[in-house]
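Residue numbers (my numbering), protein chains in the order written: chain A, 12 to 178; chain B, 14 to 432.
Idealized CB from N, CA, C, for every residue including glycine.
Remember, it's a predicted structure, so these values are computed and weren't measured experimentally.
Shown next, in structure tokens, is the structure this report addresses.
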């Protein structure tokens, strides 16, 4: 897993639920690219088209609340998000994202102090997000050991393949 | 230890567990709904061959019951093939209902057990003294391969509900009040234990409503100590022996909140956030909130008790021209019983549309989608933007009695004048 992530910030608000990340009308889709093309449509239909590979979603409190749909994490990854930074994350979304190897960074105070399009540098090892435009650094919460272990392995799938002797 | 901790300890082969610890626990029953074909894809991607135990996992086709389009129908087909190939003992096809109701009826939800499903509302099973929690597709695939899952032992919050509710106040009003106080992230990663005299006297259906919406506060799981009503319900249906766990006297909760149910009045959760909860009287004071649709259904508000109160309010009357009322029984068992008692007939004569037992329009899949600018009052669990259709449609969450009284008048109405 990449320990240094650099990308442009795409801002969303508090309590962004998984219906807004991935609207219910698309739940029967199974092709990951197609799923990615509808990501965050429930917040703003213009987001998927303007999102660039490597951009970082920056949210307020309780990102990913609501439905357990794994499509939300699949959509973010396939839209090209390199990480999500939020004040806090909802539990099921948190597990889904880490299982699929999408870095989640809990960082308080950042969301309200940056502008859309600012460039962020995330240092997962040091646990810091730096905003290039202002030079200001924000400390992040450390991931739990279990979550870190899964993320470092690239998600739960490689771990399970190894456990079942498939690698 | 708390009963939830005892459940986790027993299932992970330990004498004791405490908050914050990571444990790997055996799962008693695993359920996959029909939004989660990805579970099968992840299962094979990770090297899965056969499920760990064909008697301990099942599909429930509830979100697309029956299939609204070619894609969801094809997804059902792939899941049926997987179920057949693995010889799954239980299978709940599109003729069954919402997973949380269907599993309880089938006797696979038992006190002291761990239930994991690909659905956030799995917290519902705290109603039975079980530890129910929702996961995504890939976590579920690991359960199908191994029969177990890692858990962080949660901190436990007590929500003490005391007193007798006044007329017109239903379990939905009670849980909305709790949600309004704790907020949408008030219990993230934590468990909520509902205690107090109100809970001790509450029937199975009411308990399910309250535990169901614990997830709207972010809770990992919910719990209620089983009462006689629960024991009677599960004893008549249980597929396996079970053990009721009890919290040790003097257990210290992380936080404790107390609510006096006897002082409550009907509540509304207003657009577009579940925790935007206000007394109904306050919301409608001095104004009329016109409605296009009323909706009674889902794992929160589609049980026999919910349909019965709607039938009581609407019997012999008719909803206004140009409005609609959608009734979605939570399961075929619920629907059969409602037909036997004449509720379905009463509601159809009052102008209601009855749809197949299942999740229906609660999540905007089909059967009652809202157009731009429309207003709906619903007995379901979420009023997020776009949840039931158009992003700017407005959803008010309320008790089934409030939904019935409101659609009868075409405007949001206090149900107490009909009770």
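Assign residue 295 (chain B) to one of two classes, buried (16 or more other C-beta atoms within 10 Å of its C-beta) or exposed (fewer than that).
-> It is exposed - the Cβ of residue 295 (chain B) has fewer than 16 other Cβ atoms within 10 Å.
Starting from residue 67 (chain A) and walking both ways along the beta strand (DSSP E), at which residues does that stretch end?
-> Boundaries of the beta strand (DSSP E) around residue 67 (chain A): 67-70.
Please go through the same chain and pick out, in chain order, the residues whose beta-carbon is closer than 6 Å to the beta-carbon of residue 74 (chain A), but skip the five residues on each side of it.
-> If we look at residue 74 (chain A) and ignore the five residues flanking it on each side, its Cβ neighbours are 27, 97, 100.
Identify each residue in the segment 32-54 of chain A for which the Cβ-Cβ distance to at least one residue of chain B is less than 9 Å, and report them in chain order.
-> Per Cβ criterion, the list reads 34, 35, 36, 38, 39, 40, 41, 52, 53, 54.
In terms of residue numbering, what span does the beta strand (DSSP E) encompassing residue 39 (chain B) cover?
-> Counting along the chain, residue 39 (chain B) sits inside the beta strand (DSSP E) bounded by residues 35-39.
Compare the C-beta of residue 206 (chain B) with all C-beta atoms of chain A and state if any pair is closer than 9 Å.
-> False, the Cβ-Cβ gap to chain A never drops below 9 Å.
Please name the residue in B:175, B:325, B:222 whose C-alpha comes closest to that of residue 186 (chain B).
-> Checked all of B:175, B:325, B:222; the closest Cα to residue 186 (chain B) is B:222.
Classify residue 15 (chain A) as helix, strand or coil using the three-state DSSP reduction.
-> Residue 15 (chain A): strand per DSSP, three-state reduction.
Residues of the segment 74-89 of chain A with a CB closer than 8 Å to any CB of chain B: list them in chain order, please.
-> If the cut-off is 8 Å between Cβ atoms, the segment 74-89 of chain A has 76, 77, 78, 79, 80, 81, 82, 84, 85 near chain B.
Enumerated in chain order, which unbroken segments of the alpha helix (DSSP H) with a length of 4 residues or greater are wholly contained in the segment 53-137 of chain B?
-> The segment 53-137 of chain B contains, as complete alpha helix (DSSP H) runs of 4+ residues, the segments 83-98, 112-118 (chain order).
How would you label residue 233 (chain B), buried or exposed, when you count the other beta carbons within 10 angstroms and need 16 or more for buried?
-> Under a 10 Å Cβ-count criterion, residue 233 (chain B) is classified as buried, with 16 or more other Cβ atoms of the shown protein chains found around its own Cβ.
Should residue 54 (chain B) be flagged as near chain A, meaning a C-beta pair shorter than 9 Å?
-> So yes, residue 54 (chain B) belongs to the interface.
Could you say if the segment 312-323 of chain B and the segment 339-346 of chain B meet the contact criterion of at least three C-beta pairs nearer than 8 Å?
-> Cβ pair count under 8 Å is three or more, so yes.
Can you give me the Cβ contacts of residue 213 (chain B) inside the same chain, cut-off strictly under 7 Å, excluding the 5 residues immediately before and after it?
-> The beta carbon of residue 213 (chain B) sits closer than 7 Å to the beta carbons of 240 from its chain, once the five residues preceding and following it are set aside; these are given in chain order.
Who are the neighbours of residue 107 (chain A) on chain E, taking C-beta pairs under 9 Å?
-> Of the chains in the structure shown, none is chain E; the protein chains are A and B.
Chain-ordered chain A contacts of residue 133 (chain B) [CB-CB under 8 Å] = Against chain A, the beta carbon of residue 133 (chain B) has neighbours under 8 Å at 77, 78, 79, 103, listed in chain order.
Nearest candidate by alpha-carbon position, reference residue 417 (chain B), set B:262, B:325, B:144 | Between residue 417 (chain B) and the set B:262, B:325, B:144, the nearest pair of CA atoms involves B:325.
Quick one: is residue 121 (chain A) near chain B, going by C-beta distance under 9 Å?
-> It does not; no Cβ of chain B falls within 9 Å.
Residue 169 (chain B) CB to nearest chain A CB: under 9 Å?
-> No, residue 169 (chain B) does not count as interfacial toward chain A.
When the Cα atoms are used, what is the spatial distance from residue 92 (chain B) to residue 278 (chain B)?
-> Our two residues, residue 92 (chain B) and residue 278 (chain B), have alpha carbons roughly 45 Å apart in a direct line.
Do residue 94 (chain A) and residue 32 (chain A) come within 9 Å of each other at the CB atom, strictly closer than that value?
-> Judged by beta-carbon spacing, residue 94 (chain A) lies beyond the 9 Å limit of residue 32 (chain A), meaning their Cβ atoms are not closer than that value.
Where the beta strand (DSSP E) through residue 44 (chain B) begins and ends = Annotation for residue 44 (chain B): the continuous beta strand (DSSP E) segment containing it runs 42-46.
Chain A within 9 Å of residue 35 (chain B), Cβ atoms only | Cβ-Cβ to chain A under 9 Å: yes for residue 35 (chain B).
Residues sharing a beta bridge with residue 141 (chain A), DSSP | Residue 141 (chain A) is bridged to A:132, A:148.
Assuming residue 61 (chain B) and residue 157 (chain B) make a contact with CB atoms under 8 Å, what is their CB distance in whole Å?
-> Their Cβ separation, rounded to whole angstroms, is 6 Å, which keeps residue 61 (chain B) and residue 157 (chain B) in contact under 8 Å.
Assigned exposure category for residue 15 (chain B) - 16 Cβ within 10 Å defines buried = Buried is the call here.
Who are the neighbours of residue 155 (chain A) on chain B, taking C-beta pairs under 8 Å?
-> For a Cβ distance threshold of 8 Å, residue set 35, 165 of chain B lies close to residue 155 (chain A), ordered along the chain.
Quick one, which of A:23, A:64, A:104 has its alpha-carbon nearest residue 82 (chain A)'s?
-> Measuring from the Cα of residue 82 (chain A), the nearest candidate turns out to be A:104.
How about residue 129 (chain A): is its C-beta nearer than 9 Å to some C-beta of chain B?
-> No, no contact with chain B.
Could you list which residues in chain B have their beta carbon closer than 9 Å to that of residue 152 (chain A), in chain order?
-> Going along chain B, no residue has its Cβ under 9 Å from residue 152 (chain A), so there is no contact; the nearest lies around 12 Å.
Kindly indicate the opening and closing residues of the beta strand (DSSP E) around residue 234 (chain B).
-> Start and end: 234-236.
Inspect the beta-carbon positions of residue 37 (chain B) and residue 161 (chain B) and report whether they are closer than 9 Å.
-> Taking 9 Å as the cut-off, the beta carbon of residue 37 (chain B) is found closer than this to the beta carbon of residue 161 (chain B).
Going by the CB atoms, is the gap between residue 126 (chain A) and residue 143 (chain A) shorter than 9 Å?
-> In this structure, residue 126 (chain A) does not lie closer than 9 Å to residue 143 (chain A) by Cβ.
Spell out whether any CB of chain B is found under 9 Å from the CB atom of residue 63 (chain A).
-> No, no contact with chain B.
Run of the alpha helix (DSSP H) containing residue 157 (chain A), from where it starts to where it stops = Residues 156-163.
Closest to residue 127 (chain B) by CA distance: which of B:310, B:104, B:246, B:147 is it?
-> Of B:310, B:104, B:246, B:147, the smallest CA-CA separation from residue 127 (chain B) is found for B:147.
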